[in-house]
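**Q** Okay, handing you the structure first.
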Amino acid sequence: MIHFVARRGVRALGVLLLVAVLAMSTPLLLPGSPALAVLGLEASDADIAAFNERYNLGADPFTRLWNWVTALLHGDLGTSIVTGSAVTDQLAERLPVTLELVVVSLALALVIAVPVALRAAWRPGSVLDRVSQSLAFVLLSMPGFVLGMLLIYVFAVSLKALPATGWVPFAEDPVEHLAHLVLPVVTMALAEAAVYLRALRADADDVLGSTYIHAAQARGMRPSRLLLARALRPASLPLVTLVGLNLGMALGGTLVVETMYAIPGMGRYVATAIGQRDYPVIESTTIILAAAMVVATLLVDLSYRLIDPRIAHDARH
Amino acid sequence: MHSTLKLAGIGALTAGLAITLAACSTAEPGDGASRSASAAESAVAQPVDGGTIVYGLDRDITSLDPASGAISSQTVQSVANSIFDALMQYDENGDLVPFLAESFEATDDTSSEWLLTLRDGVTFSDGSPLDATAVISHITREGAEETSASRATVATIAAMEPVSDTQVRFTLVAPNASFPQYFTRDLGQIASTTAQDEFGFPLGSGPYVTTAYSAGTGITMTKRADYWGEAAHADTVEFKVLPDADSRYQSLVSGAVDAIWSEVPSQFTGAEGDGLVSATGHSATSFGLFNSHAAPFDDVEARKAVELAIDPQALLAVANDGTGAVSTSVLQSTSGYDITDPQPAYDPAAAKAIVDKIGGFEFSYLTDGRGEAKARAEAMQQMLAEVGITMTIQSSDMATWGAALYSGDYQMLDFTTSLFGNIDTNLSMLVGTGGLANFMGYSNADVDAQLAELAGETDHDARGVLLNSIAAQVWDEAPLVMYTENLAGVIYNPETLQGVEDFTNRPQVSIQTRLMWHAA
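Sequences listed follow chains B and V, in order. Numbering-wise, the first sequence is residues 1 to 317 according to this note's numbering. Numbering-wise, the second sequence is residues 318 to 837 according to this note's numbering.
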């Protein structure tokens with residue numbers, strides 16, 4: 001196991017290094033200068049040149065990366081060109097917001113998808129199976145912003161039960177915080193649940209056809225125990241892969257939900273930075289998001305070995 | 318970035334349209350003269366003090382410092398006006414009138430020297446006096462900060478000197494009969510250069526002070542007890558950052574906010590059906606820029622063929638949902654000047670005749686990726702195809718669009734700006750040789766001479782003649798083609814909010830929260 005982790009860790013560092021060099025190349029690759037956003041129409045060519053010089057925008061990617069790593073060792077991710085604020089401070093505000101969205105929506109998606117998928121697989125062709133498959137298909141076909149607008153219309157505009165937009169920090173007002181969390185979390189969770197449901201339903205169907213399942217059933221094991229204790233584990237490998245990938249991508253993939261619901265998270269932060277060519281923010285967030293993806297992938301690989309020890313055994317031989 | 322503010326800083330460069338020169342009359346703040354209702358309810362309802370107004374902004378506000386350029390655009394004047402008072406403002410007729418100033422008058426025949434007289438007893442929110450020294454310090458800082466949207470304007474001031482505690486004399490580099498128009502936004506919104514609030518932003522003399530600020534979420538402001546003018550009605554104003562236009566509107570419909578900023582035509586047309594009211598002005602103009610330094614538009618005939626082949630009325634229907642107006646001149650329909658020399662009208666037969674003469678050609682049209690710009694481009698593509706011109710659409714993000722604009726790396730480009738709303742001060746910037754917003758690189762010695770004459774001309778009718786004469790010369794060379802005047806403004810729920818001003822005749826939509834009150 002230690003050897004495996006070490007080998008994957010070295011590979012992950014290589015991936016991160018490659019991503020970091022690419023991120024540091026963005027000032028040379030992307031058209032447009034943050035000088036235009038900051039200095040506006042008043043800027044002369046000399047002003048823009050001086051601005052680019054001050055922020056070292058013409059430097060090669062390796063120099064930028066060296067400077068970034070050196071600053072990182074001092075706990076500094078640089079300063080936003082546009083806002084003048086420290087990137088670490090902005091991340092400290094935004095990252096927890098998105099993490100909360102991602103974790104809560106993932107939990108809700110699993111709470112919905114796992115029991116429904118197992119039950120549907122237990123009774124193929126049942127009403128639950130057909131309804132859940134159809135709903136999953138609808139949710140998968142529906143863009144996130146359409147689902148979001150639909151939820152806003154029903155629960156905020158028509159029923160006036162939940163706030164349509166906005167974000168209230170937990171420390172400020174826990175009740176309002178939860179109220180503002182419901183619609184964005186449900187928007188994300190429903191789309192995720194549809195994916196998980198279809199994946200788990202298909203694999204559970206295969207597992208439930210296995211001889212050992214029939215044997216357990218013949219021994220009189222209760223269906224609920226059979227599904228959770230016998231079928232879920234072997235059927236969950238694809239689900240774990242999907243959850244891992246979703247977790248890795250979700251940090252930067254919440255743009256639509258954060259924009260629609262006016263949530264000050266990472267998605268909006270990154271998108272705004274790209275639009276304004278705020279390179280210190282783009283570089284730092286790209287590397288952080290890549291690191292999240294790498295860690296998630298590593299955890300998925302490790303979890304394979306825990307879920308199915310044969311994988312570790314096969315790897316050794 | 319927002320459609321009325323194509324680049325940071327452009328909004329603050331726009332100043333007023335109607336010129337009120339000497340003997341500007343004083344309007345008492347909150348006296349109701351500028352509170353004419355855009356909804357009938359506003360005219361009859363009595364103001365109610367107290368409560369909280371919740372207002373939906375279309376963007377995050379990264380700074381509350383006028384010199385940062387972050388609150389200089391029209392879309393966020395609601396925030397700026399809450400903290401800062403402008404020296405000058407536009408009344409409901411579109412006339413420029415003093416506000417924080419008592420008067421702002423030319424003291425010589427050439428409009429090269431101006432005397433600003435401040436109101437007595439105005440203080441910043443920390444109680445320190447807003448006097449002549451504070452005004453000079455503020456303007457000096459606006460000219461020095463690299464992020465300021467008013468550096469070029471400050472550079473037109475040769476000298477500033479305090480005449481007394483409440484008077485400042487300005488000596489200009491060149492005559493400028495429209496000089497006070499520069500003082501309706503960031504340059505005129507006097508900020509303290511010595512005192513800051515707890516968030517690090519300079520203090521103002523406005524009706525509210527900032528009590529909570531969270532980037533990406535919103536700003537809360539509380540009424541000042543010691544405001545120099547008539548106190549604001551609402552105790553608190555909450556500005557919420559709601560960047561998505563659709564969910565911002567749904568927040569209003571659901572009652573989560575009382576008012577929102579909007580530039581979406583379908584929202585204006587649908588507001589009444591949802592029990593809402595719009596208060597809008599013709600605050601932005603869409604037009605096309607030709608790159609006359611590169612083929613095919615280095616040929617004036619090619620530019621004219623495109624100009625004649627485009628039907629602005631159709632663009633208004635397609636891109637603006639029929640709201641706003643067709644733009645027929647560099648003079649806006651609300652300018653107060655007669656348009657005697659409009660842009661040549663849509664004439665596909667004449668366009669086809671030119672194409673037959675010079676041969677069909679192809680070009681690329683660059684847009685900034687906004688929905689309205691894309692819809693406009695697609696309609697133009699069809700119109701141009703009918704006369705034998707092939708247009709390909711290049712849709713980019715704002716940064717790429719801006720880079721192309723500055724570098725001249727485009728053939729034709731879609732541009733929306735509020736600069737045309739203040740044509741008295743901004744025409745030289747748009748078509749004068751070397752003008753800040755003259756991205757076409759247009760240069761005409763006769764036009765420059767007439768612009769210089771315009772700068773010193775104080776008679777309204779004579780200015781109208783000069784403006785039309787300049788426009789006529791511009792049409793001859795067709796460096797640009799006008800499309801539409803677009804609506805922008807506030808949509809609000811009249812059951813919860815009253816006191817929203819009417820912006821129909823004003824060159825700027827400058828929301829004043831101090832005049833609003835919470836009705837429910």
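Note that the Cβ used here is the ideal one computed from N, Cα and C, for glycine as well. Computed from a prediction, not measured in an experiment: that's the story for all the values here.
With a 10 Å radius around its C-beta and 16 neighbouring C-beta atoms as the bar for buried, classify glutamine 276 of chain B as buried or exposed.
**A** buried
**Q** Could you name the residues of the same chain whose beta carbon sits closer than 8 Å to that of phenylalanine 500 of chain V, not counting the 5 residues immediately before and after it, in chain order?
**A** Ala332, Ala403, Leu404, Met405, Ala418 and Phe421
**Q** Per DSSP, what are the beta-bridge partners of arginine 486 of chain V in this structure?
**A** V:Leu432 and V:Glu478
**Q** Going by C-alpha to C-alpha distance, which of B:Met260, B:Arg233, B:Ile282 and B:Val294 sits closest to arginine 305 of chain B?
**A** Per the Cα distances, B:Arg233.
**Q** What are the residues in the region 167 to 188 of chain B lying within 7 Å of chain V by C-beta distance?
**A** If you check each beta-carbon in the region 167 to 188 of chain B against every beta-carbon of chain V, the ones closer than 7 Å belong to Trp167.
**Q** Per the DSSP calculation, phenylalanine 678 of chain V is bridged to which residue(s)?
**A** As computed with DSSP, phenylalanine 678 of chain V is found in a beta bridge with V:Ile706.
**Q** Taking all protein chains shown into account, do 16 or more other C-beta atoms lie within 10 angstroms of the C-beta of asparagine 56 of chain B, making it buried, or fewer, making it exposed?
**A** A residue is called buried once 16 or more other Cβ atoms fall within 10 Å of its Cβ, and asparagine 56 of chain B, having fewer, is exposed.
**Q** With a 10 Å radius around its C-beta and 16 neighbouring C-beta atoms as the bar for buried, classify tyrosine 212 of chain B as buried or exposed.
**A** exposed
**Q** Kindly list the residues whose CB is nearer than 7 Å to the CB of serine 342 of chain V, restricted to its own chain and excluding five residues on each side of it in sequence; keep chain order.
**A** Its pLDDT being 34, under 50, serine 342 of chain V is placed unreliably in this model, and the coordinates cannot settle the point.
**Q** Name the chain B residues whose beta carbon is nearer than 8 Å to that of valine 558 of chain V?
**A** Annotation: Cβ neighbours of valine 558 of chain V in chain B (cutoff 8 Å, chain order): Ala262 and Pro264.
**Q** Is the region 197 to 207 of chain B touching the region 279 to 290 of chain B in the sense that three or more CB pairs, one from each, lie closer than 8 Å?
**A** no
**Q** If you reduce the DSSP assignment to three classes, tell me which class asparagine 743 of chain V lands in.
**A** helix
**Q** With the cut-off set at 7 Å, would you say glutamine 829 of chain V and asparagine 398 of chain V are in Cβ contact?
**A** yes
**Q** For valine 116 of chain B, return the contacting residues in chain V, with the cut-off set at a CB-CB distance below 9 Å.
**A** Per Cβ cutoff of 9 Å: no residues; valine 116 of chain B is ~29 Å from chain V at best.
**Q** Does DSSP classify histidine 177 of chain B as helix, strand or coil?
**A** Helix at histidine 177 of chain B.
**Q** Establish whether the CB of isoleucine 152 of chain B and some CB of chain V are separated by less than 7 Å.
**A** yes
**Q** Just checking my contact of alanine 216 of chain B with leucine 226 of chain B at CB under 8 Å: how many whole Å lie between their CB atoms?
**A** 6 Å
**Q** Touch check for the region 296 to 304 of chain B and the region 16 to 24 of chain B: three-plus C-beta pairs under 8 Å?
**A** Judged by Cβ distances under 8 Å, the region 296 to 304 of chain B makes no contact with the region 16 to 24 of chain B, as fewer than three pairs qualify.
**Q** Let's see if you can read the secondary structure: which residues bound the beta strand (DSSP E) around methionine 799 of chain V?
**A** Unbroken beta strand (DSSP E) run through methionine 799 of chain V: 797 to 809.
**Q** When the distance is taken between beta carbons, is asparagine 803 of chain V closer than 7 Å to asparagine 637 of chain V?
**A** yes
**Q** Just confirm the distance between the C-beta atoms of glycine 460 of chain V and alanine 476 of chain V, as a whole number of angstroms; I'd bet it's less than 8 Å.
**A** Wrong, their Cβ atoms sit about 12 Å apart, outside the cutoff.
**Q** Beta carbon of histidine 835 of chain V, beta carbon of glycine 368 of chain V: below 7 Å?
**A** Inclusion of histidine 835 of chain V and glycine 368 of chain V in the CB contact set at 7 Å is warranted, their separation being smaller than that value.
**Q** DSSP state of glutamate 419 of chain V, grouped into three classes?
**A** Strand, per DSSP.
**Q** Measure the CB-CB distance between leucine 683 of chain V and glutamine 711 of chain V and report whether it falls below 7 Å.
**A** yes
**Q** Between V:Ala622, V:Ala716 and V:Ile808, which has its C-alpha nearest isoleucine 671 of chain V's C-alpha?
**A** V:Ala622
**Q** State buried or exposed for leucine 28 of chain B, treating a residue as buried only when at least 16 other CB atoms are found within 10 Å of its CB.
**A** exposed
**Q** According to DSSP, which residues form a beta bridge with methionine 757 of chain V?
**A** Answer is none; methionine 757 of chain V lacks a bridge partner.
**Q** Which residues of the region 579 to 593 of chain V have a Cβ closer than 8 Å to any Cβ of chain B? Give them in chain order.
**A** none
**Q** For the alpha helix (DSSP H) holding glutamine 892 of chain V, just list the boundary residues, first then last.
**A** With chain V covering 318 to 837 only, the question about residue 892 of chain V has no answer from this structure.
**Q** Between which two residues does the alpha helix (DSSP H) harbouring valine 257 of chain B extend?
**A** 255 to 260
**Q** Could you confirm whether any beta carbon from chain V is found closer than 7 Å to the beta carbon of glycine 253 of chain B?
**A** Answer no: the Cβ-Cβ gap between glycine 253 of chain B and chain V never drops below 7 Å.
**Q** Which residues in the same chain have their Cβ closer than 7 Å to the Cβ of alanine 668 of chain V, if we skip the five residues on either side of it in sequence?
**A** The answer, listed in chain order, is Ala622, Leu625, Ala626 and Val704.
**Q** What are the residues that DSSP puts in a beta bridge with tyrosine 544 of chain V?
**A** DSSP output for tyrosine 544 of chain V lists no bridge partner at all.
**Q** Chain V beta carbons: is any one of them nearer than 7 Å to that of proline 163 of chain B?
**A** yes
**Q** Can you grab the Cα-Cα spacing for the pair serine 303 of chain B / glycine 248 of chain B, in whole Å?
**A** 15 Å
**Q** Between valine 104 of chain B and valine 5 of chain B, what straight-line distance do the alpha-carbon atoms span, to the nearest angstrom?
**A** Their Cα atoms are separated by approximately 28 Å.
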